[in-house]
Structure formats: C-alpha cells, structure tokens
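Residue numbers for the sequence shown follow the numbering used here, beginning at 1 and rising by one.
Beta carbons: idealized from backbone N, C-alpha and C, even for Gly.
Encoded as structure tokens, the structure appears first; notes follow it.
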Amino acid sequence: MGKLSGKAVVITGASRGIGAAAAEAMAVEGASVLLLARSAEGITALASRLRKSGHVAEAMTCDVSEFTQVSAAIGRAHEAFGRVDAIINNAGVIEPIGPLATADPKAWSHAADINFKGVFNGMRAVLPQMRAQGTGVIVNVGSAAAHNPLEGWSHYCAAKAGTAMLTRCAHLENRGRGIRVFSLSPGTVATEMQRKIKASGINAVSQMDFAQHAPVGEPAKALVWLLTDDAAEFAGQEISLRQPEMRARIGL
Ligand SMILES: NC(=O)c1ccc[n+]([C@@H]2O[C@H](COP(=O)([O-])OP(=O)(O)OC[C@H]3O[C@@H](n4cnc5c(N)ncnc54)[C@H](OP(=O)(O)O)[C@@H]3O)[C@@H](O)[C@H]2O)c1
Numbered sequence: 001m002g003k004l005s006g007k008a009v010v011i012t013g014a015s016r017g018i019g020a021a022a023a024e025a026m027a028v029e030g031a032s033v034l035l036l037a038r039s040a041e042g043i044t045a046l047a048s049r050l051r052k053s054g055h056v057a058e059a060m061t062c063d064v065s066e067f068t069q070v071s072a073a074i075g076r077a078h079e080a081f082g083r084v085d086a087i088i089n090n091a092g093v094i095e096p097i098g099p100l101a102t103a104d105p106k107a108w109s110h111a112a113d114i115n116f117k118g119v120f121n122g123m124r125a126v127l128p129q130m131r132a133q134g135t136g137v138i139v140n141v142g143s144a145a146a147h148n149p150l151e152g153w154s155h156y157c158a159a160k161a162g163t164a165m166l167t168r169c170a171h172l173e174n175r176g177r178g179i180r181v182f183s184l185s186p187g188t189v190a191t192e193m194q195r196k197i198k199a200s201g202i203n204a205v206s207q208m209d210f211a212q213h214a215p216v217g218e219p220a221k222a223l224v225w226l227l228t229d230d231a232a233e234f235a236g237q238e239i240s241l242r243q244p245e246m247r248a249r250i251g252l
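Written as structure tokens, this is what we have:
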C-alpha cells in the first residue's frame with residue numbers, strides 16, 4: 001500500500017518542474033492525481049505515462065488566475081475520482097523580471113494574479129467540499145522570497161508574502177474541521193523557473209551556479225509527506241526545506 005492510497009489530489013502547475021515531480025511521486029504512492037497547467041502538452045503526456053505505469057492520472061488545462069477555470073477543474077476531479085482530498089497550489093511565474101519603476105502594469109498585475117490570487121482560487125474552490133467532508137489538506141507552494149526582498153522580483157516577493165499570510169488565515173478558519181493548510185518553501189530548485197532567473201542576471205539568485213539548486217525530487221518528497229498524518233502537527237506553518245531538522249523529519 002502506498003502512503004497516499006485512496007487519496008485524490010489536484011496539482012496546479014503540473015506540466016513541469018516541482019509540480020510534475022510531485023504529481024508523479026504522489027501517483028507512485030497510490031494517489032489519484034489531476035494535473036493542471038495552462039498548456040496541454042506536458043500534463044497530457046505525463047498523465048498518459050502515469051496511466052501506462054498503472055497509476056490513476058487525469059489532465060486538464062486550467063489557468064489558476066481564473067476562478068471559474070479552477071472551480072471547473074475541482075468539478076472534474078470530483079467526476080473522475082469521486083472526491084478531492086488535497087490540492088497543491090504550486091503554479092507560479094517569475095516573469096516579468098525587472099524594476100518596479102519600469103514594470104508594465106498589466107504584466108505585473110497578471111503575474112500577481114497567478115502567484116497570489118491563484119492560491120486563493122485553489123483554496124476557495126476546494127474548501128466548501130473539504131469542510132463538508134471534514135477532511136482535506138491544502139499545500140501552498142511559497143518561497144523564501146516571501147521574507148526577503150530581491151531586486152526585479154516585486155510581484156513575486158509580494159505575492160509569496162501574501163500567500164504566506166493566506167495560508168495562516170486559511171489555517172485559522174479551518175483548523176478543528178479536519179483540514180490542514182501548509183505552506184512549503186522549497187529552497188532553490190533546478191527547474192525552468194531558475195533558468196529564467198539565471199538568464200535575467202538581475203539579482204543574487206541569478207548569480208547562483210545552476211548545480212547549487214536542489215533536484216525536484218526533494219520538494220516532491222516533501223509534498224508527499226505533507227499529505228500524510230505524520231505532518232499533521234505542522235498544520236498552519238511554513239515548512240522550509242532549508243531547515244536541517246525539517247529535512248531530517250521528511251527524510252531528505
Ligand atoms: N524553482 C525554484 O527555485 C523555486 C523556489 C521557490 C519557490 N518556487 C515555487 O515553486 C512553484 C513551481 O515552480 P517551478 O520552479 O517548478 O516552476 P516552472 O518549472 O516554471 O513550472 C511552473 C508551472 O506552473 C504552471 N503555470 C504557470 N502559470 C500558470 C497558470 N496561470 N495557471 C496554471 N498553471 C500555471 C506552468 O505550466 P504552464 O506554463 O503550461 O501553465 C508550469 O507547470 C512556483 O510556485 C514557484 O514560485 C520555485
């Protein structure tokens with residue numbers, strides 16, 4: 001029996017990077033997974049590969065900045081799996097990268113809609129049914145950028161700071177109802193987002209050697225663990241993969 005046998009999990013931003021690795025790790029642990037992203041190619045290919053290996057996986061295009069699309073995706077998960085036990089609000093963008101003084105207001109605002117309102121949309125879409133069933137886990141993927149301003153990343157830092165507070169508000173309102181809400185700060189991870197950061201050359205993170213970034217398997221393992229009862233005592237908190245004690249607890 002896998003650690004997540006019988007669980008139905010929705011993962012946003014599952015076409016590549018942390019979301020794709022988490023979706024695969026969860027499916028291998030027995031979860032039924034619904035993969036969401038704006039583009040169809042990555043999620044349909046991954047879902048089909050997982051199904052060929054005997055796992056339960058579905059894919060659906062969904063832009064997390066649009067509540068109606070997120071709500072429709074949760075409806076699809078109910079149709080396919082009969083329930084939703086967890087959502088991983090992982091979708092995120094780093095671009096546009098650049099100074100606030102010259103930012104394109106529309107592009108800045110849209111990035112904030114994805115990185116911040118996308119997390120609200122995911123929680124808003126699942127919480128009524130989680131409250132009715134009396135169980136559920138929500139993990140919002142945060143960042144150390146929530147607590148550290150970085151040049152060129154104003155929408156990203158501000159949205160991740162907002163996400164950290166949204167996590168705490170959601171925990172406050174839903175603790176005692178069988179619902180656990182976490183934020184995961186994964187450290188720097190070797191994904192396409194870090195390639196875009198490197199190409200920008202704009203702040204200290206862009207100067208890091210790509211080899212210094214953690215493999216996607218680390219946050220994927222942490223996300224699997226957060227869906228298990230072993231993580232229950234940390235509900236409401238931000239889990240940082242930079243903390244040695246937390247890494248040891250997760251088995252990293
Ligand atoms: N990599 C790091 O070092 C790092 C560090 C701290 C936190 N994080 C966080 O980890 C999460 C995943 O990042 P990553 O590094 O795996 O990035 P990534 O490789 O760029 O993947 C981002 C994913 O989000 C999806 N996405 C983007 N906008 C979306 C939208 N509006 N609706 C639905 N899906 C959307 C992308 O697919 P489509 O483009 O097809 O939609 C893709 O699947 C993000 O929240 C990021 O902020 C990453």
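Closer than 7 Å: residue i CB and nearest ligand 1 heavy atom
i	result
Thr-188	yes
Leu-36	yes
Met-26	no
His-213	yes
Arg-242	no
Gly-13	yes
Cys-157	no
Glu-192	yes
Three-state secondary structure assigned by DSSP to residue i
i	result
Arg-180	strand
Ala-40	helix
Ile-94	coil
Ser-48	helix
Asn-115	helix
Val-70	helix
Met-58	Here residue 58 turns out to be Glu, not Met, going by the sequence shown. It is a strand residue.
Glu-79	helix
Sequence-distant residues of the same chain with beta carbon closer than 8 Å to residue i, five excluded per side
i	result
Ala-103	Pro-96, Ser-154, His-155
Met-123	Ile-87, Asn-89, Ile-138, Asn-140, Leu-166, Ala-170, Val-181
Leu-252	Glu-218, Lys-221, Ala-222, Leu-241
Neighbourhood of residue i by C-beta, 6 Å cutoff - its chain only, sequence neighbours within 5 removed
i	result
Ala-31	Leu-4, Lys-7, Val-9
Gly-92	Asn-115
Ser-71	Ala-125
Ala-23	Ile-11, Ala-14, Val-33, Leu-35
Supposed contact pair residue j and residue i - C-beta distance, whole angstroms, cut 8 Å
i	j	result
Gly-118	Asn-148	The pair is not a contact, with the Cβ atoms about 21 Å apart (cut-off 8 Å).
Ile-18	Ala-220	7 Å
Leu-184	Gly-142	6 Å
Thr-163	Ala-146	7 Å
Lys-198	Phe-210	6 Å
His-171	Val-189	Actually they are not in contact, since the Cβ atoms of His-171 and Val-189 sit about 24 Å apart, beyond 8 Å.
Ala-80	Leu-34	7 Å
Arg-175	Ala-231	Not a contact, Cβ separation roughly 14 Å.
DSSP beta-bridge partners of residue i
i	result
Thr-12	Leu-36
Gly-306	Since the displayed the chain opens at 1 and closes at 252, residue 306 lies outside it and no answer follows.
Ser-185	Ser-240
Closer than 8 Å to chain C by CB, residue i
i	result
Pro-215	Given the protein chain composition of this structure (a single chain), no chain C is represented.
Residues of its chain near residue i, where Cβ-Cβ distance is below 7 Å and the 5 sequence neighbours each way are ignored
i	result
Gln-69	Cys-62, Asp-63
Ile-74	Val-10, Val-84, Ala-125, Val-126
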